[in-house]
Structures are given as structure tokens and as C-alpha cells.
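Participant: Sequence order for the protein chains is A and B.
Numbering-wise (this note's numbering), the first sequence opens with residue 21 and increments by one.
Numbering-wise (this note's numbering), the second sequence opens with residue 4 and increments by one.
Glycine is no exception: its CB is placed at the ideal position from the N, C-alpha and C atoms.
The structure that follows is given in the form of C-alpha cells.
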Amino acid sequence: MDAFIAQVLSGLVTGGIYASVALALVMIYQATHLVNFAQGELAMFCTYLAWTMLDAGFPYWAAFAATIALAFVCGVVIERVVIRPIGESSVLAVVVVFIGLLVIFNSLAGWIFTYTVKPFPSPFPAEPLFGNHYVSSHGIGAIGVTLVVLALLYAFFRFTSLGLAMRAAAQNPVSARLVGIRVGWTRALGWGLAAAVGSIAGMMVAPTVYLDPNMMAGILLYAFAAALVGGIDNPWGAVAGGFLVGVLENLLGAYVIGTELKLTVALVLIVGVLVIRPSGLFGRVTVKRV
Amino acid sequence: MSALLEAGQLEAWYGATQVLHGVSFSMAPGSIATLLGANGAGKTTTLRALCGMVRTRGAVRLDGQSIAAMATEDIVRLGVAHVPDGRGTFLDLTTEENLRLGGYARGNRRELAGDIERMYGYFPRLKERRAQQAGTLSGGEQQMLAIARALMLRPRLLLLDEPSFGLAPLLVAAIFDILRTINAREKVGILLVEQNAALALELADQVFLLETGRIVIAGAAATMRDNDAVRRSYLGY
Ligand SMILES: Nc1ncnc2c1ncn2[C@@H]1O[C@H](COP(=O)(O)OP(=O)(O)OP(=O)(O)O)[C@@H](O)[C@H]1O
Ligand SMILES: [Mg+2]
């Protein structure tokens, strides 16, 4: 029983990471109907920026905040410089660009920081919180950070006019222009926010998996599964999907298929959802008028 | 005094297909004009061309300022509100969020709450539905919402594409009354595209008759009611 609880809790910890990356994917999907394959690599690259600052002696939370800001700028710049010019062309062109970005970030990180695995510090104490023996304080802290990020995003989209404008632009760009929303900029802002959320996920996962250029590869796959399970058009579904996939992955890995085959769980989920319920568990089934 | 809106030799294309072939007209400040024409004549396209939603060539001036090359969102920010063909409602957002968005481009955010109440005054039904998803409103309610959303901009020019579409006659009369009030009280110029020509002629000061992308007749509404061609084609007597 103890081991079972421990598996569930550590599943929730990784699930929080998947939830953040899935949320970043959903945010870009909602605005552009594209899945950003480079989301994970961007997060990894930003985590290296954090590492560089920490290495230079910055206090943790200062580096944390600066990384989020840099990630945001990075996201905006990528949208403006790379995505926007190809915006209206074919899906294939966009996919190629995403894969290009993925490869570029990966090799850039390898080239600048080498492929040696680096330890990355956690801001949370080393001894377990509240004397529990199930989950590390970093695990609890990471979940806490994830939940704070989610709450902030919720408040932004729900209560500010800019958040409302972004939702409007994602839903109906033509009407959004007709009320004076600069749709191009709301898209860039969406990319910035997604990159910022991704960078937080990167900094939260790096202490556990260690920092290397391929750190996010598996995570992106799980996050993609999470987004699909929850419904790619539903931010809440993506978050719930993230936690669900995290726990499922751990339990199946521990009791059913063994750790070597864990990544297949993600693939099976992806294919399963696409075949059985493409709108996801919480996604809206769109009825097309004919 | 310059015209509120002036279009000069306006042409418009969808892809390679030219739909407008040199549309010219002008509207006096604070006036109501109506654009009549058969299905497919290019009425919707004219409204789209005026606010930069299709590829165009030619001149468009708003109070003397050229807006022909501007992006839609910048034209809107100059005070041109457009109730588009199909209403353009944000279906997943609530009624009140739709109204807030209508005032998004306005400089003064503090007046928004008051203006939303003003719209509820014009359309009490919308107040009852304020927290409801706009997609679940009835067709008529959505049409009211589209007009209220446009008015939230406090526009100097209101472009309306078939505001009576799908509405019961009583409601149409009510909406036209509101348009008349708004025009009189707030000096909003209105360019109206309407299938119900009798109603449109009653409301409008000026009439433009569009035929396959060209204006073929223009004149005061009062004289148009007696114009044989207009009567036969649009009034049915
Ligand atoms: N999105 C589009 N793509 C291609 N052609 C279009 C498009 N919209 C309209 N057209 C064409 O442009 C012409 C003018 O259409 P428009 O919608 O402006 O007519 P309308 O006068 O508003 O007609 P209705 O009374 O039916 O609303 C039509 O021949 C139509 O087929
Ligand atoms: Mg039309």
C-alpha cells in the first residue's frame, strides 16, 4: 500500500510537469490550430539559460524570474520572425518549421552547453516536508508552483481585458479584428505565455531528470498525450490530462509493464484517444453544420 | 464640412474574382444611408471593402482621412463599427463578455460598465441573458447582441449587414426604432444593407442601388420611393 501511494504521488509530481507543457501546447493550439512540436526544446533551452545564470551566481528566484521573462521574449520573437511569415501557408510547411525549430534548439543547446548531463538545483529543501516519506519537498514544491501558474493563467484569461481579447481572437479572428483587437499581437503574446509556462516546467523537472539537451523529448510526448486525453481545445482538460497521464504512467510502469516500456504508454494513449475519442475526455465534440 | 464616408472607384476581389467594379458614393455626417441590391450584387462585399476585410483598390475616406490602406483593427479604432453578415458573435463567450469586447478598442475603459447598462436599457432581453453563452441565445437575441456590441464602440459610423435577417416583424420594427434613436441622439452615421427595402427606405436619408458591383442609382430616399425601377424591384408594387 505504501509503495502504491508513493507511486501515485510521484505520478502527480511528473503529472504537474506534463500538465504545464500540455497547457502550453493547448494555448498555441487554440490560437493557431497548430501543435508546437518545438515547445519542449524551447523549454529545455530556457532551462539552460537559468542554469547559466545560476552558475554565474544569481540567487535562485532571481534567475527563475529572469528565465521566465527571457522565455516570454523568446516566444514572442519566434512568433514574429518565424511563424507569422509562414502563417497562411500549408500545414506541411508549418510542421517542417516546427521540426526545424526543434532541431535548432536541440543542437544549439548541445553546441553551447555540451551534451554532458548537468545537475540543476531545486529551490526547495532537501529533507522531506512534514516528515513524510512518500514524496520529496521538491516534488511538493513543483506541484505547488504548477498550481500557482495555473491559477495565475486562469485569472489572466478570466478577469483581464487582454485575456478576454486573447480568448476572442483565438475563437474568431475575423470578429476580433472587427472589435479592434490586434490579432497578430495576441498570437505573439500567446506564444510568449506558452514559452514562459514551458520554461517553468523545464526548471521544475530539471532537478529530477538532470539537465541535458534531450531532457524534454519524452516529456513532450507525455504532454502531447495529456493534451489529447484532456481535449486539445480545453485548457482544464489538458491540466487534468497531465496529472492523469503522470499517475497512469507510474502505476503501469510499476505494476504492469515495467519501466522500460513506460514511454509506450504515451504512444498507446495518443493512438487510443485519436481512434476512440478524438475530442478527448473533456474536449468539446464539435458538430459541423452541413 | 467633409463627408462622413466617401468611397471613390472602390474595387474588390476574392482571390482572382473581381466583385466590385468601381463603387463611388458619399455619406453626410450623421446621416443614414441604405445600400440596396439583388443577392450577389456586392452589398456585403462593399461593407467588407470599406473596413479592409477584402483585397481592394480605390479610395475610402472617413471624415476626410484616407483609410483605404489601413488594417481592419485600425479602422475600427477610428470609430467604424461593423455588424457583419452572419453577426460575428463570439459564441463561446458570454453575452456580457461580447459587449465588453465591443468596447475593447475604446480609449476610456471606465465608461464601459455604464455603456453596458445603456445597452441593457435598449435591449432588456440581453440583460436577462448576460451570463449566458452567446451561442445559446436565440437568433433574434444574437442579432440584438451584435448591434449592441457594435454600439459599445460608440462609433461615428455604423455598418449594418441585414440587421433584420431572421427576425420577427415586431422585433425588426423595434430594432429600427432603436437605430433611429441612436442616430438622432448620438449622431451616429449608419450605412444599412437591408433586404426589407420598404423599411430601409423609411429609415434612410439616402439610397444607393448596387448592381453587379456598381452603383446604378443614387439619390434621396424620399424620391426613391417614387422611382419606378426601385419600386418594381424592391418594393413589389
Ligand atoms: N468569400 C468569398 N469568396 C469568393 N467569392 C465571394 C465570397 N463572398 C462573396 N463572394 C461573391 O461575391 C459576389 C458578391 O457577394 P456579396 O456577398 O457581396 O453579395 P450581397 O449583395 O451581399 O448578396 P446577399 O444579398 O445574398 O447577401 C457574389 O457573386 C459572391 O459569390
Ligand atoms: Mg450579403
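(1) Taking the straight line between their C-alpha atoms, what separation do you get for residue 172 of chain A and residue 178 of chain A?
(2) Measure from the alpha carbon of residue 191 of chain B to the alpha carbon of each residue in B/95, B/165, B/201 and B/160, then state which is nearest.
(3) Which residues share a DSSP beta bridge with residue 64 of chain B?
(4) Using only alpha-carbon positions, find the residue among A/29, A/186 and A/299 that is nearest to residue 157 of chain A.
(5) So is the beta-carbon of residue 47 of chain B under 6 Å away from any non-hydrogen atom of ligand 2?
(6) Which residues in the same chain as residue 130 of chain A place their Cβ atom closer than 7 Å to its Cβ, once the five residues preceding and following it in sequence are excluded?
(7) Using a Cβ-Cβ distance under 7 Å, would residue 207 of chain B count as near chain A?
(8) How is the alpha helix (DSSP H) around residue 50 of chain A delimited, first residue to last?
(9) Give the residues from the stretch 176-203 of chain A that approach chain B closer than 9 Å (Cβ to any Cβ), ordered along the chain.
(10) Are at least three pairs of beta-carbons, each pair with one atom in the stretch 71-90 of chain B and one in the stretch 19-31 of chain B, less than 8 Å apart?
(11) If you count every other CB in all the chains shown that lies within 10 Å of the CB of residue 85 of chain B, and 16 or more means buried, which is it?
(12) Return the chain-ordered ranges of every alpha helix (DSSP H) run that is complete within the stretch 20-50 of chain B and spans a minimum of 4 residues.
(13) With distances taken between CB atoms, is the gap from residue 169 of chain A to residue 220 of chain A smaller than 7 Å?
(14) Starting from residue 150 of chain B and walking both ways along the alpha helix (DSSP H), at which residues does that stretch end?
(15) Given 8 Å as the limit, is there contact between the stretch 29-37 of chain B and the stretch 290-298 of chain A, that is, 3 or more CB pairs closer than that?
(16) So, at 7 Å on beta carbons, what are the nonlocal neighbours of residue 164 of chain B in its own chain, with the 5 sequence-adjacent residues on each side left out?
(17) Which residues in the same chain as residue 310 of chain A place their Cβ atom closer than 6 Å to its Cβ, once the five residues preceding and following it in sequence are excluded?
(18) I need the straight-line Cα distance from residue 217 of chain B to residue 83 of chain B, nearest angstrom please.
(19) Candidates B/63, B/54 and B/166: which alpha carbon is nearest residue 199 of chain B's?
(20) When the distance is taken between beta carbons, is residue 86 of chain A closer than 7 Å to residue 217 of chain A?
(21) May I ask you to report which of helix, strand or coil DSSP gives residue 84 of chain B?
(22) Assess, as a yes-or-no matter, whether the stretch 50-70 of chain B is touched by the stretch 5-21 of chain B under the definition of 3 or more beta carbon pairs within less than 8 Å.
(23) Go through its chain and collect everything with a Cβ distance to residue 54 of chain B's Cβ below 6 Å, but skip five positions before and after it.
(24) By Cβ distance below 7 Å, which residues in the same chain neighbour residue 370 of chain A in space, the five residues on each side in sequence not counted?
(25) Strictly under 7 Å for the Cβ-Cβ distance: is residue 48 of chain B near chain A by that measure?
(26) Report the residue ranges of all alpha helix (DSSP H) runs contained in full by the stretch 148-194 of chain A; include only those spanning at least 4 residues, in chain order.
(27) State the DSSP-derived secondary structure class of residue 201 of chain A, mapped to helix, strand or coil.
(28) Looking only at its chain, what residues have a beta carbon closer than 7 Å to the beta carbon of residue 204 of chain A, apart from the 5 residues adjacent to it on each side?
(29) I think residue 106 of chain B touches residue 115 of chain B, with their Cβ atoms under 8 Å apart; what is that distance to the nearest whole Å?
(30) Just list the alpha helix (DSSP H) runs in the stretch 222-268 of chain A, keeping only unbroken ones of 4 residues or longer that don't cross its boundaries, in chain order.
(31) Quick check: residue 300 of chain A and residue 250 of chain A, are their CB atoms within less than 7 Å of each other?
(32) DSSP three-state label for residue 170 of chain B, please.
(33) With DSSP as the reference, please indicate the residues paired to residue 17 of chain B in a beta bridge.
(34) With burial defined as no fewer than 16 other Cβ atoms inside 10 Å of the residue's Cβ, what is the status of residue 5 of chain B: buried or exposed?
(35) Exposed or buried, which one is residue 281 of chain A when buried takes at least 16 other CB atoms within 10 Å?
Facilitator: A quick look at the data gives this:
(1) By one-based count along the first sequence, residue 172 of chain A stands at place 152. By one-based count along the first sequence, residue 178 of chain A stands at place 158. Rounded to the nearest angstrom, the two C-alpha atoms are 10 Å apart.
(2) In the second sequence, counting from the first residue as 1, residue 191 of chain B sits at position 188. Closest option to residue 191 of chain B, Cα to Cα, is B/160.
(3) Sequence index remark: in the second sequence, residue 64 of chain B carries index 61 (1-based). B/9 and B/69.
(4) For this step, residue 157 of chain A is matched to residue 137 along the first sequence. Taking only the C-alpha atoms, the option nearest residue 157 of chain A is A/29.
(5) As a working note, residue 47 of chain B is residue 44 in the second sequence. Taking 6 Å as the cut-off, one finds at least one heavy atom of ligand 2 near enough to the beta carbon of residue 47 of chain B.
(6) Here residue 130 of chain A is taken as the residue at index 110 of the first sequence, counted from 1. Once the five neighbours on either side are set aside, the close Cβ partners of residue 130 of chain A are 233.
(7) Here residue 207 of chain B refers to the residue found at position 204 of the second sequence. Taking CB atoms only, residue 207 of chain B has no neighbour in chain A less than 7 Å away.
(8) The count along the first sequence starts at 1 and reaches residue 50 of chain A at position 30. Start and end: 22-52.
(9) 181, 184, 185, 187, 188, 191, 192, 194, 195, 196, 197, 198, 199, 200, 201, 202 and 203
(10) Verdict: no, contact absent.
(11) Residue numbering aside, residue 85 of chain B sits at position 82 when the second sequence is read from its first letter. So residue 85 of chain B ends up on the buried side.
(12) none
(13) What you label residue 169 of chain A is simply residue 149 of the first sequence in a count that begins at 1. What you label residue 220 of chain A is simply residue 200 of the first sequence in a count that begins at 1. In contact: residue 169 of chain A and residue 220 of chain A (Cβ atoms closer than 7 Å).
(14) Residue numbering aside, residue 150 of chain B sits at position 147 when the second sequence is read from its first letter. Note, residue 150 of chain B: alpha helix (DSSP H), 142-154.
(15) In short, these stretches do not touch, since the Cβ pair count stays below three.
(16) Residue mapping note: residue 164 of chain B aligns to position 161 of the second sequence, counting from 1. Within the same chain, residue 164 of chain B has close Cβ partners 47, 50, 86, 87, 88 and 196.
(17) Translated into the one-based positions of the first sequence, residue 310 of chain A becomes position 290. Unreliable positioning characterises residue 310 of chain A in this predicted model, as indicated by a pLDDT of 41, which lies under 50. The coordinate reading is nonetheless provided below. Here the set comprises nothing.
(18) Position 214 of the second sequence, counting from 1, holds the residue named residue 217 of chain B. Position 80 of the second sequence, counting from 1, holds the residue named residue 83 of chain B. The alpha-carbon of residue 217 of chain B is positioned some 23 Å away from that of residue 83 of chain B.
(19) Taking the first residue of the second sequence as 1, we reach residue 199 of chain B at position 196. Minimum Cα distance to residue 199 of chain B is reached at B/166.
(20) Within the first sequence, numbered from 1, the residue matching residue 217 of chain A stands at position 197. Within the first sequence, numbered from 1, the residue matching residue 86 of chain A stands at position 66. No, these two residues do not count as a Cβ contact at 7 Å.
(21) Translated into the one-based positions of the second sequence, residue 84 of chain B becomes position 81. Reduced to three states, the DSSP call for residue 84 of chain B is strand.
(22) yes
(23) In the second sequence, the residue the question calls residue 54 of chain B occupies position 51. The answer, listed in chain order, is 75, 78, 83 and 85.
(24) The question about residue 370 of chain A has no answer here: the residues shown for chain A are numbered 21 through 310.
(25) One-based indexing of the second sequence puts residue 48 of chain B at position 45. False, the Cβ-Cβ gap to chain A never drops below 7 Å.
(26) 157-179 and 181-191
(27) Your numbering for residue 201 of chain A matches position 181 in the first sequence. Three-state result, residue 201 of chain A: coil.
(28) Within the first sequence, the letter at position 184 stands for residue 204 of chain A. For residue 204 of chain A, where only same-chain residues beyond five positions count, the Cβ hits under 7 Å are 104.
(29) The count along the second sequence starts at 1 and reaches residue 106 of chain B at position 103. The count along the second sequence starts at 1 and reaches residue 115 of chain B at position 112. That pair is a contact at about 5 Å.
(30) 237-250
(31) For the purposes of this step, residue 300 of chain A is taken as residue 280 along the first sequence, with counting starting at 1. For the purposes of this step, residue 250 of chain A is taken as residue 230 along the first sequence, with counting starting at 1. Yes, they are a contact pair.
(32) For the purposes of this step, residue 170 of chain B is taken as the residue at position 167 of the second sequence. It is coil, neither helix nor strand.
(33) Counting from 1 along the second sequence, the entry for residue 17 of chain B is found at position 14. Paired residues: B/20.
(34) Counting from one through the second sequence, the residue named residue 5 of chain B turns up at place 2. Exposed.
(35) Translated into positions along the first sequence, residue 281 of chain A becomes position 261. Exposed is the call here.
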